[in-house]
Amino acid sequence: MSPTFESINIGDQLPEFVRTTGFAAWNRYAAVNDEFIPIHMDDEAGRAAGNEKGAFGMGNLRLAYLVNMLRQWIGDDGQLRSLSAKYRSINQKGDELRAVGEVVGKEIVDGLALVHLRVDVIDQNGTSTAPGEATVALSHTPSTSS
């Protein structure tokens with residue numbers, strides 16, 4: 001069941017979206033987005049670009065993990081209004097990435113029930129790889145006063 005504006009509290013944690021990355025995930029993402037860039041597909045190219053471990057994951061794939069986490073949480077009735085993230089470290093093959101989110105604010109603006117979130121993609125070592133912010137609009141029941 002999708003959350004409602006009234007059921008959300010500041011400090012609430014969103015259900016995590018977890019993926020282990022590597023060539024299979026990167027190839028699927030590259031196929032959909034026409035992003036067959038050598039540094040993401042070939043270890044030699046990744047090392048030549050300065051990553052001693054070889055090929056590395058796409059930054060935008062981590063953004064997609066954040067979108068998936070948010071969409072699963074807000075359901076069909078919610079709207080993703082904004083999302084931004086900053087890429088802070090490289091995603092290596094075999095990394096387990098967890099998209100996480102926390103409610104940091106809520107407000108009604110022009111009739112829209114907005115929920116503001118702090119989001120991030122955390123690796124298996126607890127390293128923040130893509131911190132950011134998001135705003136979603138949720139359904140709500142306006143209070144009636146007599």
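Each step along the sequence shown adds one to the number in full-length UniProt numbering, with nothing skipped, and position 62 is 62. Positions of the beta carbon are idealized from the N, C-alpha and C atoms, including for glycine.
Once the 5 residues before and after residue i are set aside, which same chain residues still bring their CB inside 8 Å of it?
i	result
V18	E96, L97, R98, A99
D110	none
Indicate the three-state DSSP secondary structure (helix, strand or coil) for residue i in the structure shown.
i	result
F36	coil
S7	helix
A137	strand
E16	coil
D77	coil
Which same chain residues, not among the five before or five after residue i, have their C-beta less than 6 Å away from its C-beta?
i	result
T20	E96
Round the Cβ separation of residue i and residue j to the nearest angstrom and send it over; I've been treating them as touching at under 8 Å.
i	j	result
Y29	L61	5 Å
I'd like the span of the alpha helix (DSSP H) that includes residue i, first residue to last.
i	result
R71	59-74
In the DSSP assignment, find the unbroken beta strand (DSSP E) run with residue i in it and report its ends.
i	result
E102	96-109
Item to check | Three or more C-beta pairs below 8 Å linking the stretch 65-84 and the stretch 32-43 | outcome: no
Checklist entry - Per the contact definition of three or more C-beta pairs closer than 8 Å, is the stretch 2-12 in contact with the stretch 131-138? => result yes
Next on the checklist: Any contact between the stretch 70-87 and the stretch 102-109? By contact I mean 3 or more CB pairs, one from each, below 8 Å.
Outcome noted: no
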